[in-house]
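Q:
In this note's numbering, the protein residues as written are 1330 to 2606.
(1) Any beta-carbon of chain D closer than 8 Å to the one on residue 1846?
(2) So, with DSSP's three-state summary, where would you put residue 1909?
(3) For the beta strand (DSSP E) containing residue 1944, list its first residue and its last residue.
(4) Less than 8 Å separating the beta-carbons of residue 2269 and residue 2282?
(5) Given residue 1800, which residues of its chain have a CB within under 6 Å of its CB, disregarding the five upstream and five downstream residues?
(6) Return the first residue and the last residue of the beta strand (DSSP E) that residue 2512 is part of.
(7) Over the uninterrupted beta strand (DSSP E) stretch that includes residue 2150, give me the two end residues.
(8) Helix, strand or coil: which one does DSSP assign to residue 2447?
(9) Alpha carbon to alpha carbon, how far is residue 1786 from residue 1621?
(10) Please specify which runs of the beta strand (DSSP E), each continuous and at least 3 residues long, are wholly inside the stretch 1663 to 1687, giving them in chain order.
(11) Using only the alpha-carbon positions, how far apart do residue 2094 and residue 2065 sit?
(12) Whole angstroms is fine: what's the gap from residue 2550's alpha carbon to residue 1904's?
(13) Going by other Cβ atoms of all chains shown within 10 Å of its Cβ, with 16 needed for buried, is residue 1916 buried or exposed?
(14) Kindly indicate the opening and closing residues of the beta strand (DSSP E) around residue 1963.
(15) Quick one: using the 10 Å Cβ neighbour count with 16 as the cut-off for buried, is residue 2107 buried or exposed?
(16) Determine the closest residue to residue 1699 out of 1673, 1710, 1691, with distance taken between C-alpha atoms.
(17) Is the separation between the beta-carbon of residue 1364 and that of residue 1383 shorter than 8 Å?
(18) Of all the options 1639, 2250, 1624, 1644, which has the alpha carbon lying nearest to the alpha carbon of residue 1612?
(19) Does the distance from the CB of residue 1406 to the CB of residue 1394 come in under 8 Å?
(20) Rounded to a whole number of angstroms, what is the C-alpha to C-alpha distance between residue 1491 and residue 1579?
(21) Does the ligand NAP have a heavy atom nearer than 7 Å to the CB of residue 1584?
(22) Strictly by DSSP, which residues pair up with residue 1726?
(23) Tell me which residues share the same chain as residue 2112 and place their Cβ nearer than 8 Å to its Cβ, disregarding the 5 neighbours each side in the sequence.
(24) Report buried or exposed for residue 1625, applying the criterion of at least 16 other Cβ atoms within 10 angstroms of its Cβ.
(25) Let's test the definition: count the other Cβ atoms within 10 Å of the Cβ of residue 1693 and tell me whether it reaches 16, buried, or not, exposed.
(26) Going by the DSSP bridge assignment, what does residue 2002 pair with across the sheet?
(27) Going by other Cβ atoms of all chains shown within 10 Å of its Cβ, with 16 needed for buried, is residue 2004 buried or exposed?
(28) So, is residue 2409 buried or exposed, given that buried needs 16 or more other C-beta atoms within 10 angstroms?
(29) Which residue wins for smallest C-alpha separation from residue 1875, given the options 1480, 1389, 2413?
(30) Roughly how many angstroms lie between the CA atoms of residue 1962 and residue 1857, to the nearest whole one?
(31) With C-beta atoms as the reference, is residue 1865 less than 8 Å away from residue 1899?
(32) Going by the DSSP bridge assignment, what does residue 1506 pair with across the sheet?
(33) Between the C-alpha atoms of residue 1976 and residue 1940, what's the straight-line distance to the nearest angstrom?
(34) State whether the stretch 1947 to 1964 contacts the stretch 2036 to 2045, with contact taken as three or more CB pairs (one from each stretch) at a distance under 8 Å.
(35) Compute the Euclidean distance between the alpha carbons of residue 1470 and residue 1983, then round it to the nearest angstrom.
(36) Could you tell me the distance, in whole angstroms, from the CA atom of residue 2481 to the CA atom of residue 2496?
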């Protein structure tokens, strides 16, 4: 800038400093353009470019990029800041660890105002990522990639450094467990590197296994839990399988187990009561149950649905068999069993086609009294419209430390939805719920979506927090649980960036708004052992929970250095510990330009201990120095740029520029080198001078690789240049008069462009000679390959010779050697002149003259016969049966040949069968009665007929439609209805119970059962009408039928657990045998004395007061001491005290205590019992806020001058400054522009100006002055 501008600026600043105590300062105004834009581009697997535009240079900004899996859950995020030297357009880059899944990802980029996190703009989009396919080394348990290769491990052992060493790897382990055990398998890994699945099986032998549990979440841990369900002396072999669906990484695993009985599934489900067929819960198809249970040993669940004849139905029951074996049954509406599934697996299935329309029933029960939870699904292929079921999907995510979001989609029209959420965090292996809530929403149309912000308790510790939500949907009074979503994150309160190697900017976010925090830092070597510099200070957050501070240290030129940063709450709780490492960037010189005319270099990271010297050398590719520059001197306060011009030699090749950077003591700090290739071609023919044999080629000519045009060379050295030589590569030829490509010197026809050679010397050129190698032939008029001189038919291209001289050419003469024959019309080898059948190629002769050729005549010497159709040796003309080779005569003319006629003398006119016999001659059924007189002509062999030819199997004496041979009641009265053995109701006893069917009320009595006078056995009667037949009814006199079990007993009659309390009064119906119970039927392991939801047997705090919230152990806050310091959590103000430390009555150690509650820890507070002050830098006992000289322990108060005297002094100084400025403007009005010089960044300092005002400058450049009236330091800005 010009000198006068420089002076005006400094004068204005001086006036501000002088007048500040009198006038105060103008408050800053909001600086936003209102149309800020944020964009992400080149979004790849793990990085993206960020561009923000329309920014205001007076403001500061922050951006956050969120990356979401194809499933909707969040994979990663990145944050950046635009807070320094803000321009209208700013660029940045985002980076994150690659996500494991392959597919289409979604990103959401958001731009915030830095001071209050106001969202200014956002950009959403998608990109494809192939996912990770990491590869790592094998662990020590390999090979264990299959069930047969499983490796034995132990329980209660932590296994670390296990690996999925490739995408296709899977690990198998096994261990034994004895007795009835609850087992937990825990697996932890980095989900950003690998998506793991955990399976647990029972080894059933022979290479077979059954599934016990599996876990496939989208977070950093998997857990499989199951019960061994075996007796005390039996052992199960458990198989563990770990595999990855994407990625490869390390993982840790542990197995725990505990002796305990199988937990009773003793909570009745929402479908109760449905204990009997007449209480069936009606369902609509398709159906899927929610949280259904067989909740006690006598429970069974019935469901009813309507089935249509001809439709197919599928019933599917799923559960964990190790928790209790369940069975599945299907009945019609009368209670008849249609089908069942009773395996010992985790799945029961029935496939069935309905044969009738009507209501049908499903029954689920436990085998031998087993209890369990289950899922029942029922579906059909019916085209009948089914009731509308509700659909919906849910995704949740975290925004920041105090809020998350939820998104409902794939919804059903007019359905109502509810979301129940909780916020949990992991603490010492336990998942603690710290906040929860719910909300509802109605979908107005199909596919409607809902976005909701979830505000929750602040995430105040940098641990893993999870937002978990479940979605329920309701339509037509049917409610289904539809989806569950989880999103976990670890809050990051500290973000750091290094503007250079001796300073760090620290950005704090997501902290408690408008609160005080303590920040400490240190610079250490890479292993954290040596501390080079350190510091600490207090920070107050803004109303949005953000803060900013900086730290500076002396430059470290070697090794990898790390910033250790900690943020503490006012109560001494460590919120986050962050380590951020960097490798110092040494002073460097770099080329910015190097071409055939100029060289440009720049510096970076120059230290303030200059001056620095730099020079450049130009070398050829062999290192020979061709030119060099003089030394340039650079200061260390800023970066520098220099440019030179240079002139290369007129020689093509590589040229290299080498820059050398030296410190003031001559030490070489950096060398940079860059090379270019230059090409020189004087005649511009494309061939470099060094390779050009013809350096003066005229413009426009094409040259060869040596740079020569045709007019400059004679390639064959025949005295003719290539541009006029017809044969530039043949020294024996140079001219071609007829342009036929053959030089005149060797061309036998030099003036005939169509000829150049005569091989047979007959005077006709080879190209026109039909026979170029035959001197006796040169023409072939008819083109048949025979020269005209020797062709018998020169104008007939189909003939050349006539061997027999009959005037017919050999090619068309059928008999070329026979002068008597020339043709054979039928091609049978007989010439037409001698062929009796010239047009029949199958005949030549007719020996008997009957007009039939000898070849076709079966009788060639018999003029009366020529065919024998049936080949029986008798000619057709005389054969009575010409097509039957077994017959040729019929003596009795009955149409049956003599050879096969069993009755050869049948009378004239008789109707015969195939054997030539009529009715009076045959007995078809061979019963001794001729057919003409046989009433039953088909009597079975061996049966005795009567005189009419009928046997017993052909007669029905009592006309009851049952033949006599099958009729067990042969004298049935006429018109009686009979069964298949010919007996009527008055004659038969179907169930053989001694009561004829007409009087039997129970016609299907089982065999050997005793019946009453009505024909009914006990298995067919239900005397007390409780739906249980008498033979199974253990309580035959039941009156109350509302709670009947399979034994026919009601609650008032049975005691299921045998504890002496009837089920109707038993609150705990599954008490173990031998347990002592109270009046409610509950044993010690079933009671919850303090009513806190935790059974006494597992309640660590059994006397919790009523209505108090408790944890998983049944303990309220006033009953716990989490840090074991002797102060219960309810009274403990410092709940994370380290073990062994001495605490006060509030549970705080000295390192945690803040006695005056000023937000500064007592160990750091110079005035721990005075909340107004906390710092005394010079240690003189006077707080810095009251100390006029806070860095001088020898004094703390300044002399007080009168206000009038100060004003007079200020006015004199003001007039002097203005006068000096005017003089300097006058003196410099004709001077050249003077470049602005950058001043060094001074360190912290204090001074007193001429007016006695005490000034102080901090490390960050902030200037304060001491105000006598307020007795405190005031920021000069």
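Positions of the beta carbon are idealized from the N, C-alpha and C atoms, including for glycine.
A: Judging by the given coordinates:
(1) In the structure shown, chain D does not exist; there is a single protein chain.
(2) Strand.
(3) Residues 1941 to 1949.
(4) In this structure, residue 2269 lies near residue 2282, with their beta-carbon atoms less than 8 Å apart.
(5) Same-chain partners within the cutoff: 1721, 1723, 1748, 1811, 1812.
(6) No beta strand (DSSP E) holds residue 2512; DSSP gives it neither H nor E.
(7) Segment: none, residue 2150 is in no beta strand (DSSP E) and carries neither H nor E.
(8) DSSP places residue 2447 in the helix class (H, G or I) of the three-state scheme.
(9) Here the C-alpha atom of residue 1786 lies approximately 34 Å from the C-alpha atom of residue 1621.
(10) Segments of the beta strand (DSSP E) lying fully in the stretch 1663 to 1687: 1666 to 1670, 1676 to 1682.
(11) The alpha-carbon of residue 2094 is positioned some 18 Å away from that of residue 2065.
(12) The pLDDT assigned to residue 2550 is 41, lower than 50, so where the model puts this residue is not dependable, and the model offers no usable value.
(13) Residue 1916 should be labelled buried.
(14) Boundaries of the beta strand (DSSP E) around residue 1963: 1961 to 1963.
(15) A residue is called buried once 16 or more other Cβ atoms fall within 10 Å of its Cβ, and residue 2107 is buried on that count.
(16) Of 1673, 1710, 1691, the residue nearest in Cα terms is 1673.
(17) A contact, by the Cβ cut-off of 8 Å.
(18) Comparing Cα positions, the closest option is 1644.
(19) Contact: yes.
(20) Inter-residue distance for residue 1491 and residue 1579 is about 5 Å (C-alpha atoms, whole angstroms).
(21) Because no ligand of any kind appears in the structure shown, any question about the ligand NAP cannot be addressed here.
(22) DSSP, once it has assigned bridges, lists 1734 as partnering residue 1726.
(23) Closer than 8 Å at the Cβ level, and outside the excluded window around residue 2112, lie 2126.
(24) When all chains shown are included, residue 1625 counts as buried.
(25) By the beta-carbon neighbour count (other beta carbons within 10 angstroms, threshold 16), residue 1693 is buried.
(26) The partner list for residue 2002 (beta bridge, DSSP) reads 1987.
(27) Its Cβ having fewer than 16 others within 10 Å, residue 2004 is exposed.
(28) Sixteen is the threshold: since fewer than 16 other Cβ atoms of the shown chains lie within 10 Å of the Cβ of residue 2409, the residue is exposed.
(29) Sorting 1480, 1389, 2413 by C-alpha distance to the C-alpha of residue 1875 places 1389 at the top.
(30) Looking at the two C-alpha atoms, the distance is approximately 38 Å.
(31) No, they are not a contact pair.
(32) Note: residue 1506 is bridge-paired with 1565 in the DSSP secondary-structure output.
(33) A direct Cα-to-Cα measurement between residue 1976 and residue 1940 gives close to 29 Å.
(34) The stretch 1947 to 1964 and the stretch 2036 to 2045 do not touch, with fewer than 3 CB-CB distances between them shorter than 8 Å.
(35) Annotation: residue 1470 to residue 1983 spans about 57 Å, alpha carbon to alpha carbon.
(36) Cα-Cα distance, rounded: 15 Å.
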